[in-house]
């Protein structure tokens, strides 16, 4: 026969099952935070790849970064390309993808230690 948990003077009760469930909830929260940080890093990496690709295309088309002239070819904003890739990969609305990418750029450029997991 098991004894019922005895209440403390402050009214709280020692219950190993509740403590274990609480610890599991905290571990799940940590795992979720790690996954969110990984998503943000992946989105930022996607954006930098899109930027690099656009720069490569500009240089191949004869654009000189030393001279401040408009390119003589069509340019699609790397941000929009990255958003389209996020929409395709995650199956989210474009507004959600823009928010996710904006948040990733902000956090990684301004607060990089927040997303280091």
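In our numbering, the protein residues as written are 5 to 121. Think of the CB as a built atom: it goes at the ideal place given N, C-alpha and C, for glycine as much as any other residue.
- When Cβ pairs closer than 8 Å are counted between the two stretches, the segment 45-63 is seen to touch the segment 92-108, the count reaching three or more.
- Using a Cβ distance threshold of 7 Å, residue 55 and residue 82 count as a contacting pair.
- Contact between residue 44 and residue 90 does not hold, since the beta-carbon distance rounds to 11 Å and is not under 8 Å.
- Note on residue 86: 16 or more other CB atoms within 10 angstroms of its CB, so buried under the neighbour-count rule.
- Bounds of any alpha helix (DSSP H) do not take in residue 81, whose DSSP letter is neither H nor E.
- Taking C-alpha positions only, residue 31 is separated from residue 23 by approximately 12 Å.
- By the criterion of a C-beta distance shorter than 7 Å, residue 119 is surrounded in its chain by 41, 44, 45, 111 and 112, once the five residues flanking it on both sides are discounted.
- The beta-carbon separation of residue 65 and residue 77, rounded to 5 Å, stays under the 8 Å limit for a contact.
- According to the DSSP assignment, residue 22 belongs to the alpha helix (DSSP H) that extends over 20-64.
- Annotated three-state conformation of residue 74 is coil, per DSSP.
- Under the three-state reduction of DSSP output, residue 96 falls in the coil class, being neither helix nor strand.
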